[in-house]
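Participant: Could you have a look at this structure, given as C-alpha cells, before my questions?
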Amino acid sequence: MEPIDRIVGTMLPLPRVNVDTDQIMPKEFLKRVERTGYGEFLFHDWRRRPDGELDPEFVINRPEYRDARILLTGANFGSGSSREHAPWGLMDWGFQAIVAPSFADIFYNNCTKIGLLPVQLSEDETHRLIDLAEADPSLEATIDLAGQTIGVATPHEQGSFKAHFEIDPFIKYRLLNGLDDIDITLRHSSDIDAFEHGRPAFMPRL
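Now the structure itself:
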C-alpha cells in the first residue's frame, strides 16, 4: 500500500445519497479475487443505457471528468452488502479519495485498508465542493492528510474553499505510512517469533 500524504486532483461530482455497493460494483462482476481490473465495471448500470451503450450524460463518462482523482458524493455512501470489490473498482478507475457527509462503516474500513482515503465533511461543505466541481471541472482540490484539511483555490466568484475533517488517529497513521494489515502484523514479527519459540513442544503447531 502506498503512503498517502497529500492528494491533488480534479473532482467528480456525484450528488446521490444512499449509493450502495451493488450500484458501485454490481454483483455479476464479483467473480475474481484480484484487486485490479474492476474499474471498467464501476457504476456499470448507471454508466450504460438499456442497449448496453455508454450514456454520455452520466458524469463518469463525460471527458471533462475522466481524470478526476477525488469523488464527491452524498450521504451514506457504500451502504449495502460488504464487498471489497467496490473500493477496488473505485481505486482501479483512478480515484484516490472520496468525499461525502457519511459512509457505511464496513465500506469506510475497506477503503482505508487499501489506501483509498474517505473524507467526511458536513452536508453543506460537501455540497459546496459539488457546486464548485460542477461549475468548473478543471478545478483541483488539495487534501492534506497530515493536516486533515481539504482546500480548493478558485479564481471564480464563489471564492476559495477550505475545510477540516476528522479521522481516527490509527487509520491516519496507517495511511500516512502505507501500512496494510499484513504490514502491521509484520511489525510485531519479533514478538511473534518469541512467542512461537516459547511454546511447549507438546502444543500443536501450524
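Following my numbering, the numbering of the sequence shown begins with 67 at its first residue and continues without gaps.
Don't be surprised by glycine CBs; every beta carbon is placed ideally from N, CA and C.
1. May I ask you to report which of helix, strand or coil DSSP gives residue 138?
2. Opposite residue 215 in the DSSP bridges: which residues?
3. Consult DSSP for residue 76 and reduce its assignment to one of helix, strand or coil.
4. Look up residue 183 in the DSSP assignment and say whether it is helix, strand or coil.
5. Considering only the alpha carbon of each residue, which of 93, 206, 216 lies closest to residue 146?
6. Give me the Cα-Cα distance between residue 74 and residue 192, rounded to the nearest whole angstrom.
7. I believe residue 149 touches residue 91 by the beta-carbon criterion, under 8 Å. Please report the beta-carbon distance rounded to the nearest angstrom.
8. Are the segment 154-174 and the segment 127-139 touching by the rule of at least three beta carbon pairs closer than 8 Å?
9. Report the residue from 198, 121, 213, 180 whose alpha carbon sits nearest the alpha carbon of residue 248.
10. Keeping to the same chain, check which residues put their C-beta closer than 8 Å to that of residue 102; ignore five residues upstream and five downstream.
11. Given a threshold of 16 other Cβ atoms within 10 Å of its Cβ, counted over all protein chains shown, does residue 107 qualify as buried or as exposed?
12. Look at the Cβ atom of residue 144, then the Cβ atom of residue 87, and state whether they are nearer than 7 Å.
13. Helix, strand or coil: which one does DSSP assign to residue 164?
14. Can you tell me where the alpha helix (DSSP H) with residue 157 in it begins and where it stops?
15. For residue 205, which residues does DSSP report across the bridge?
Facilitator: Based on what the coordinates show:
1. In this structure, residue 138 counts as strand in the three-state DSSP scheme.
2. 210, 230
3. strand
4. strand
5. 93
6. The alpha-carbon atoms of residue 74 and residue 192 are separated by roughly 17 Å.
7. 6 Å
8. Because the criterion of three Cβ pairs below 8 Å is met, the segment 154-174 and the segment 127-139 touch.
9. For the residues 198, 121, 213, 180, the minimum Cα distance to residue 248 belongs to 180.
10. Here residue 102 has 154, 158 as same chain residues with Cβ atoms under 8 Å from its own Cβ, once five neighbours each way along the sequence are excluded.
11. Buried: at least 16 other Cβ atoms inside 10 Å.
12. yes
13. strand
14. Run containing residue 157: 151-159, per the alpha helix (DSSP H) assignment.
15. Partner(s): none; residue 205 has no beta bridge.
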